[in-house]
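In full-length UniProt numbering, the protein residues as written are 1 to 343. From the three backbone atoms N, C-alpha and C, an ideal C-beta is built for every residue, glycine too. What you are looking at is a predicted structure, and each value in this text was computed from that prediction instead of being measured. Shown next, in structure tokens, is the structure this report addresses.
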């Protein structure tokens with residue numbers, strides 16, 4: 001029987017007493033082997049690789065790609081399942097939209113916690129969720145109503161009466177919630193945050209606004225001018241409200257409130273498609289630059305001017321309150337800003 005108290009072979013030093021140059025990651029056990037001259041050898045590549053991999057994954061561009069893939073997969077995958085389950089037609093569309101929205105939120109939260117290893121990703125589960133979404137919804141209602149009133153003042157929109165039927169209430173609520181949650185998580189929660197982390201707020205504003213407008217070019221009745229209008233008015237407005245509040249719930253509420261007001265209250269097409277059966281019986285008349293044409297009031301020059309004015313005002317407030325991240329030192333500045341505005 002071998003003596004378990006015998007000393008180790010000559011030349012193989014005790015790990016606990018052998019100094020090792022450089023930091024060692026706590027998740028990796030160094031590989032120690034005896035060299036021909038009897039000295040302990042640690043293969044540095046076996047130590048450095050995990051650290052390099054972590055740094056690679058932690059890069060904002062890589063995190064942006066991973067986050068986009070996770071959010072889109074959750075969004076599209078659940079939408080397909082809801083479609084084949086019959087949850088995308090009629091009044092029960094609201095149920096399907098709620099399921100898709102919840103799954104997308106959980107997927108985003110999971111990405112932030114387990115991949116990004118950050119905080120709540122500006123989407124907290126607390127009283128801030130209800131208050132943020134509520135304030136955002138009211139803001140969306142007020143801003144679109146202001147644009148609609150301006151178009152009415154120019155003679156492009158008239159209200160013929162009021163329909164007290166429920167109509168497309170549940171469908172429009174479902175569509176508004178779904179668009180608000182999924183699009184804001186993707187465009188502001190993932191794309192804007194990580195582009196801002198790499199190049200600052202203005203770069204993120206320009207890029208995500210362009211992407212947001214381009215994403216609507218495939219909508220029914222969409223034109224290049226309609227996509228440009230979405231880029232300028234909605235891209236600016238939604239990014240500005242996010243920068244000011246640093247709370248995705250506010251942007252989600254504003255987006256949903258805008259869509260619901262446009263579709264259900266004013267019975268107008270929401271980014272293209274047919275006009276829903278809403279509360280107000282409205283009629284549009286006049287040139288397309290005023291009415292927006294088949295795409296809806298979002299493509300109206302008047303709506304563009306009114307909404308852009310609101311967006312610039314909110315952006316001005318964000319600048320005054322120091323909520324923009326500069327291009328130089330963007331990572332550190334964003335971290336400091338998020339810590340300052342953490343809810």
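Helix, strand or coil, according to DSSP, for residue i in the structure here?
i: residue 58; result: coil
i: residue 284; result: strand
i: residue 132; result: helix
i: residue 161; result: strand
i: residue 383; result: Residue 383 falls outside the range modelled here, since the chain spans only 1 to 343, and no answer is possible.
i: residue 363; result: Within the shown structure, residues of the chain are numbered from 1 to 343, placing residue 363 beyond reach of any answer.
i: residue 177; result: helix
i: residue 152; result: helix
i: residue 259; result: helix
i: residue 222; result: coil
i: residue 232; result: helix
i: residue 83; result: helix
i: residue 117; result: coil
For residue i, which residues in the same chain have their Cβ closer than 6 angstroms to its Cβ, ignoring the five residues on either side in sequence?
i: residue 113; result: none
i: residue 296; result: 268, 269
i: residue 39; result: The predicted model places residue 39 with a pLDDT of 48, which falls under 50 and marks its position as unreliable; any figure quoted below should be read in that light. Same-chain partners within the cutoff: there are none.
i: residue 317; result: 244
i: residue 205; result: 239
Taking 7 angstroms as the cut-off, decide whether the C-beta atoms of residue i and residue j are in contact.
i: residue 163; j: residue 91; result: no
i: residue 212; j: residue 187; result: yes
i: residue 258; j: residue 133; result: no
i: residue 261; j: residue 154; result: no
i: residue 200; j: residue 64; result: no
i: residue 287; j: residue 168; result: no
i: residue 237; j: residue 307; result: yes
i: residue 97; j: residue 174; result: yes
i: residue 210; j: residue 223; result: no
i: residue 263; j: residue 172; result: yes
i: residue 252; j: residue 180; result: yes
i: residue 313; j: residue 325; result: no
i: residue 309; j: residue 229; result: no
Report the rounded CA-to-CA distance for residue i versus residue j, giving the unit in angstroms.
i: residue 329; j: residue 339; result: 16 angstroms
i: residue 218; j: residue 225; result: 13 angstroms
i: residue 243; j: residue 303; result: 22 angstroms
i: residue 190; j: residue 161; result: 42 angstroms
i: residue 123; j: residue 282; result: 36 angstroms
i: residue 142; j: residue 135; result: 11 angstroms
i: residue 101; j: residue 157; result: 33 angstroms
i: residue 279; j: residue 165; result: 7 angstroms
i: residue 290; j: residue 67; result: 39 angstroms
i: residue 274; j: residue 58; result: 44 angstroms
i: residue 118; j: residue 88; result: 34 angstroms
i: residue 130; j: residue 137; result: 10 angstroms
i: residue 301; j: residue 151; result: 9 angstroms
i: residue 42; j: residue 51; result: With a pLDDT of only 43 at residue 42, under the threshold of 50, the placement of this residue in the model should not be trusted; the figure read from the coordinates follows. Roughly 16 angstroms between the two C-alpha positions.
i: residue 336; j: residue 197; result: 12 angstroms
i: residue 85; j: residue 256; result: 24 angstroms
i: residue 34; j: residue 60; result: Note that residue 34 has pLDDT 47, beneath the 50 cutoff, so the model's placement of it is unreliable and the number below is only indicative. So the alpha carbons of these two residues sit roughly 40 angstroms apart.
i: residue 305; j: residue 202; result: 20 angstroms
i: residue 215; j: residue 177; result: 18 angstroms
i: residue 93; j: residue 78; result: 13 angstroms
By Cβ distance, which residues of its chain are closer than 7 angstroms to residue i, with the 5 residues on each side in sequence left out?
i: residue 62; result: 56
i: residue 265; result: 278, 279, 280
i: residue 148; result: 157, 266, 297
Less than 6 angstroms separating the Cβ of residue i from some heavy atom of the ligand PLP?
i: residue 244; result: Of the ligands one can find in the structure shown there are none, so the ligand PLP has no counterpart to examine.
Return no unless some Cβ of chain C is closer than 7 angstroms to the Cβ of residue i.
i: residue 257; result: The chain labelled as chain C is not found in the depicted structure, where only one protein chain is given.
Please go through the same chain and pick out, in chain order, the residues whose beta-carbon is closer than 8 angstroms to the beta-carbon of residue i, but skip the five residues on each side of it.
i: residue 208; result: 187, 188, 191, 192, 195, 235, 239
i: residue 182; result: 71, 75, 100, 101, 104
i: residue 115; result: 57, 63, 66, 67, 70
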